[in-house]
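A.B. asks: To start, I am sharing the structure in question, which I have written as structure tokens.
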Amino acid sequence: MSDAAAITDLNGRAQRVADAMSTRAAELRIASHTVAGARVIDCGVHAPGGLAAGLALARVCLADLADVSLVPSQLLGAVCPEVQVVTDHPVAACMASQYAGWQVAVGKYFAMGSGPMRAASGREPLFDAIGHRETPAVAVGVLEGRKLPDETVVEWIAERTGVPASGLTLLTAATASRAGSVQVVARSVETALHKLHELGFDIARVVSAFGTAPLPPVADSDLAAIGRTNDAILYGGRVMLWCRGDDASIGEIGPHVPSSASPDHGMPFAELFRRAGGDFYKIDPHLFSPAEVVFANPDTGRTVRFGRVEPEILRNSFGMPD
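Sequential numbering from 377 applies to the sequence shown in the numbering used here.
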């Protein structure tokens, strides 16, 4: 049985984190609303949110199967926090829950959807590979977007998850917010696992994971924030994966995993995004991975590293002096 299939009730786990967030709304600078019977938690659209809200938002994305924290870093030669993610359930936390694989497009509304509500919908082919779907009593999702979901969006998600609106919790933050930036940069491990999956590697072999990526200053627009948060992982993300099995297959796949394996590597993401006309799908999908990936094999004791961080690109992207 895969790690993802062994873990049950991802939505219930995330619901408990969301409940705790609601009780601490004033402390976290967030706001809870009822929309068409669903609970909508504003973490960074109209509400100011903050770093603590972002850490909690990331935990929701990960179905509370990972520790998420801010740690100091000297990667950029200046005081700059990094978002650190640690999990012993990487496939369930990152692939069955955190991966932003659901485009929520309803009329003029658009947001990238993540969190365990994806497992309730189960429409993505990824769920066939990892062997995890849910039929939960409640569904919890995170929407990365500039607008709060309205009644039409709530009804659309309720229909696709099979959960009544009264059982939905939708947490929202714009990318250009403190909470939104934290939850995006908390995806270092997720991007490594997804890249491995896309390369045809059996991600069930990954039994534990650790990742960090620098947290950029909040940008003045969502477009600029998308550039900075992606650069944080592409050029500053560092991930260690405890991967069981033979060393030969790890050595073969390893050079293809970091972002440096893509011909688009080396250009700030904002420039790539503009060149692609604002269409993510015109950017080489193999770019989306951490800068550096280390494989530690607990079966053989061997450790190998691939890729490299690019502090100069990060400093330019973040608008930080040398």
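Idealized CB from N, CA, C, for every residue including glycine.
Using DSSP with H/G/I as helix, E/B as strand and the rest coil, what is Ala465?
C.D. replies: Here residue 465 refers to the residue found at position 89 when the sequence shown is read from its first residue. The question names Ala, yet the displayed sequence has His at residue 465. In the structure shown, His465 sits in coil (DSSP, three-state: anything other than H, G, I, E or B).
A.B. asks: So Val565 and Val615 are supposed to be a Cβ contact under 8 Å. How far apart are they, rounded?
C.D. replies: In the sequence shown, counting from the first residue as 1, residue 565 sits at position 189. In the sequence shown, counting from the first residue as 1, residue 615 sits at position 239. With 8 Å as the limit, Val565 and Val615 qualify as a contact, their Cβ atoms being about 6 Å apart.
A.B. asks: How close, in whole Å, do the beta carbons of Val669 and Leu617 come, if the pair is a contact with beta carbons under 8 Å?
C.D. replies: Indexing the sequence shown from 1 puts residue 669 at position 293. Indexing the sequence shown from 1 puts residue 617 at position 241. 7 Å between Cβ atoms; contact.
A.B. asks: For Leu591, which residues from the same chain have a beta carbon less than 6 Å from its beta carbon, with the 5 sequence-adjacent residues on both sides left out?
C.D. replies: As a working mapping, residue 591 is identified with position 215 in the sequence shown. Answer for Leu591: Pro457, Val459, Val561, listed in chain order.
A.B. asks: Which residue from Ser625, Ile383, Ala414, Glu686 puts its Cα closest to that of Pro466?
C.D. replies: As a position in the sequence shown, residue 466 is number 90, starting the count at 1. When only C-alpha atoms are compared, the closest one is Ile383.
A.B. asks: Using 8 Å as the cut-off, can you tell me whether the segment 528–548 makes contact with the segment 594–607, which would need three or more C-beta pairs spanning the two stretches below that distance?
C.D. replies: No: fewer than three Cβ pairs fall under 8 Å.
A.B. asks: Which residues does DSSP list as the beta-bridge partners of Thr588?
C.D. replies: Numbered from its first residue, the sequence shown carries residue 588 at position 212. DSSP lists Gln460, Arg614 as partners of Thr588.
A.B. asks: Please report the residue range of the beta strand (DSSP E) in which Val447 lies.
C.D. replies: Counting from one through the sequence shown, the residue named residue 447 turns up at place 71. 443–449 is the span of the beta strand (DSSP E), which, as asked, contains Val447.
A.B. asks: Which of helix, strand or coil does DSSP assign to Ile626?
C.D. replies: Looking up residue 626 in the sequence shown gives position 250. Looking at Ile626 - three-state DSSP - the assignment turns out to be helix.
A.B. asks: Given this structure, state the Cα-to-Cα distance separating Val337 from Gly413, to the nearest angstrom.
C.D. replies: No information on residue 337 is available, as it lies outside the stretch 377 to 698 that the chain covers here.
A.B. asks: What distance in whole Å lies between the Cβ atoms of Ser638 and Asp655, which are believed to be in contact at a cut-off of 8 Å?
C.D. replies: The sequence position of residue 655 within the sequence shown is 279, counting from 1. The sequence position of residue 638 within the sequence shown is 262, counting from 1. Wrong, their Cβ atoms sit about 16 Å apart, outside the cutoff.
A.B. asks: Tell me whether Asp607 is buried or exposed, calling it buried when 16 or more other Cβ atoms sit within 10 Å of its Cβ.
C.D. replies: As a working mapping, residue 607 is identified with position 231 in the sequence shown. Answer is buried; the Cβ neighbour count reaches 16.
A.B. asks: Tell me, please, which residues DSSP counts as bridged to Tyr475.
C.D. replies: The sequence position of residue 475 within the sequence shown is 99, counting from 1. DSSP output for Tyr475 lists no bridge partner at all.
A.B. asks: Is Phe682 helix, strand or coil when you go by DSSP?
C.D. replies: Working through the sequence shown from its first residue, we reach residue 682 at position 306. DSSP places Phe682 in strand when its eight states are reduced to three.
A.B. asks: The beta strand (DSSP E) spanning Cys470 covers which residue range?
C.D. replies: By one-based count along the sequence shown, residue 470 stands at place 94. Element bounds for Cys470: n/a, residue is neither H nor E.
A.B. asks: Quick check: what's the CA-CA separation for Pro666 versus Val685?
C.D. replies: To locate residue 666, count along the sequence shown from 1; it is residue 290. To locate residue 685, count along the sequence shown from 1; it is residue 309. Roughly 9 Å separates the two Cα atoms.
A.B. asks: Exposed or buried, what is Pro674 when buried is set at 16 or more other beta-carbons lying within 10 Å of its beta-carbon?
C.D. replies: Residue numbering aside, residue 674 sits at position 298 when the sequence shown is read from its first letter. Pro674 should be labelled exposed.
A.B. asks: My output table needs one value for Met377: the three-state DSSP class, helix, strand or coil.
C.D. replies: As a position in the sequence shown, residue 377 is number 1, starting the count at 1. Since pLDDT at Met377 reaches only 41, below the 50 mark, its modelled position is unreliable, and no value is offered.
A.B. asks: For Arg691 and Leu451, I'd like the C-alpha separation in whole angstroms.
C.D. replies: Within the sequence shown, the letter at position 315 stands for residue 691. Within the sequence shown, the letter at position 75 stands for residue 451. Rounded to the nearest angstrom, the two C-alpha atoms are 10 Å apart.
A.B. asks: Where does Tyr475 land, buried or exposed, given buried means 16+ other C-beta within 10 angstroms?
C.D. replies: On the sequence shown, position 99 is the one that residue 475 refers to. Buried.
A.B. asks: Is it buried or exposed for Gln479, if we count other Cβ within 10 angstroms and need 16 for buried?
C.D. replies: Taking the first residue of the sequence shown as 1, we reach residue 479 at position 103. The residue is exposed, with fewer than 16 neighbouring Cβ atoms inside 10 Å.
A.B. asks: Near Gly603, which residues of its chain fall below 7 Å by C-beta distance, leaving aside the five closest residues on each side in sequence?
C.D. replies: Within the sequence shown, the letter at position 227 stands for residue 603. Counting only Cβ-Cβ distances below 7 Å, and skipping sequence neighbours, we find Pro644, Phe645, Ala646, Phe649, Ser693.
A.B. asks: To the nearest angstrom, report how far apart Met377 and Pro631 are at their CA atoms.
C.D. replies: The count along the sequence shown starts at 1 and reaches residue 377 at position 1. The count along the sequence shown starts at 1 and reaches residue 631 at position 255. Summary for Met377: the model assigns pLDDT 41, below 50, so the residue's position carries little reliability; its value from the coordinates is reported in the next sentence. So the alpha carbons of these two residues sit roughly 28 Å apart.
A.B. asks: Measure from the alpha carbon of Met471 to the alpha carbon of each residue in Gly483, Asp504, Ala454, Val482, then state which is nearest.
C.D. replies: In the sequence shown, counting from the first residue as 1, residue 471 sits at position 95. Closest option to Met471, Cα to Cα, is Asp504.
A.B. asks: Within the same chain, show all residues whose beta-carbon is closer than 6 Å to that of Ser636, passing over the 5 residues directly before and after it, in chain order.
C.D. replies: Here the question's residue 636 lines up with position 260 in the sequence shown. Excluding residues within five positions, the ones whose Cβ falls inside 6 Å are Gly683.
A.B. asks: Have a look at the DSSP bridge pairing and note the partners of Ser490.
C.D. replies: Within the sequence shown, the letter at position 114 stands for residue 490. Val518, per the DSSP bridge assignment.
A.B. asks: Considering only residues of the same chain and omitting the five flanking positions on each side of Arg405, which have a CB-CB separation below 7 Å?
C.D. replies: Within the sequence shown, numbered from 1, the residue matching residue 405 stands at position 29. Within the same chain, Arg405 has close Cβ partners Ala423, Pro424, Gly425, Gly426, Ala429.
A.B. asks: Pull up the CB-CB distance for Arg509 and Gly498, whole angstroms please, since I reckon it's below 8 Å.
C.D. replies: Sequence index remark: in the sequence shown, residue 509 carries index 133 (1-based). Sequence index remark: in the sequence shown, residue 498 carries index 122 (1-based). Contact holds; Cβ gap of about 4 Å.
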